[in-house]
Amino acid sequence: MNIAWIIVVLLLVIFLQGMIYSKYGLRGLSYHRQFRQGSVFAGETIEMVDEIANKKLLPMPWLRLEVKMSPHLIKEGTNVEKEETFHRTLFSLRPYQKITRKHRLVGSKRGYYPLQTVAVTTGDAIGFGEVFDSFEAATSVTVFPALVPLEEIPLPSHSWLGDITVKRWIIEDPFLQAGVREYQQGDSLKSINWHATARTQQLQVNKKDYTADHHLLIYVNFDTNEDIRLPVEYPEAIEKALAYAASLAQYTLANGIATGFGCNGYFVEPFTNSIDRIKPSVRVEASSSGQQWDYLLDAIAKLKIDRSRNFRAFLQEDVEAGLTKHDILIFTVQVTEKVHRQIAALEQLGNAVEVVEIPIEESGGTS
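The letter at position 273 of the sequence shown is residue 309 when you use this note's numbering, and the numbering goes up by one with no holes.
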């Protein structure tokens, strides 16, 4: 066989194997991606796992996976400054082989990070041609803000937090009635409700309300100007305020104080419909339940640095709802005259309001 026939046969083999991989290369492939942890705090390591299987006789000389990821999910030891980055993984699969590969990432910034699809590219060993497709690989990870020591939070005074903590030791007020209950050993005879006793044929006593049924609301003001059509000018300062809010909530909940959270921002997609003209503001009602810490962290992590309404309108919702008997702490970059008026209205309803201003220089400038 002369050299010409060798070349013809070789080209034919190259062409045929290229056709085979073009037609069958992506068949019989399965892919799964997941994060080992559903949530972490900023700065902590996340383990991402790729699992791919070749369920056919045809081997895969090479297979490339690509997924667009946030720059705030970065490989350990790297520092990515781009607006977005691509995570690429290269595989080689024998027939009926499954490969699991682990990647260690760092959640560098608070946020909610979903991964939806992955781009898959393969081809023959010689590089005659490539085929491309996308696989559904929906997964996500939530990154909570990094907590800061309590002494680093610029609270209005040391006595303020002490007063809040003391108020959780509630005392019955003899002038406030909250219904009746069955008589228990040790109850004063003076507290017996004879009408209720006659009706139920069992001793009933007056149930007293409390003078300090204490609730704390931690608010973050996203306003850096009055016009909500303008972007937030100092996002780093707002991020600092959110970290303060999460850290303070950890302390107050650990001390048995019913704590809630609110802001005039809104949730990222898919937790808010981006096409809605007026998006709901974020509110987590005050509670001291065992799950409240998780609820607060999750809400703070999934916030978008944007505004659903002015902060004065956010406070007006509380005024119109008749909010009372709450301590309210507001983290803010600025306090306008209109916000001052809303604070005064809340105080007239029986709330105590404290304001903590976040200096702009803490934010590191505009972005």
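We put the CB at the ideal spot given by N, CA and C, even for glycine.
Closest in alpha carbon position to Gln352, among Leu239, Gly79, His68 and Gln378, is Gln378. Contact between Ile264 and Asn387 is absent: CB atoms are separated by about 25 Å, not below the 8 Å threshold. Taking C-beta atoms as the reference points, Val179 and Ala277 fail to come closer than 7 Å. Pairing Phe164 with Gly54 gives a Cβ-Cβ distance under 7 Å.
Contact check for Asn229 against Gln240 passes: the beta carbons are separated by less than 7 Å. With contacts defined as CB atoms closer than 7 Å, Lys338 and Phe303 qualify as a contacting pair. A direct Cα-to-Cα measurement between Tyr132 and Lys104 gives close to 28 Å.
Cβ neighbours of Glu321 within its own chain (closer than 6 Å, five residues either side excluded): Gly296. Per DSSP, the beta-bridge partners of Leu101 are Thr125 and Val156. The residue among Gln286, Ser344 and Thr158 with its C-alpha nearest the C-alpha of Asp334 is Gln286. With respect to the 7 Å criterion, Thr125 and Pro107 are not classified as neighbours on the basis of their beta carbons. The residues Met105, Ser106, His108, Leu109, Gly143, Ser176, Val177, Thr178 and Val179, in chain order, have a CB closer than 8 Å to that of Tyr149 in the same chain once the five nearest residues on each side in sequence are set aside. In the three-state reduction of the DSSP assignment, Val375 falls in the helix class, which pools H, G and I. The beta carbon of Val318 lies closer than 7 Å to those of Gly298, Cys299, Gly301, Tyr302, Phe303, Ala335 and Leu339 in the same chain, with the five residues before and after it left out. Counting C-beta pairs with one atom in each stretch, the segment 82–94 and the segment 54–65 have three or more that are closer than 8 Å, which means they touch. Between Pro181 and Arg146, the C-beta spacing is below 7 Å.
For Thr360, the secondary structure class from DSSP, reduced to helix, strand or coil, is coil. Between the alpha carbons of Asn261 and Tyr270 lies a gap of roughly 10 Å. For Tyr57, the enclosing alpha helix (DSSP H) stretches over residues Ile39 to Tyr60.
Counting along the chain, Glu275 sits inside the alpha helix (DSSP H) bounded by residues Pro271 to Ala290.
According to DSSP, Leu109 shares a beta bridge with Gly143.
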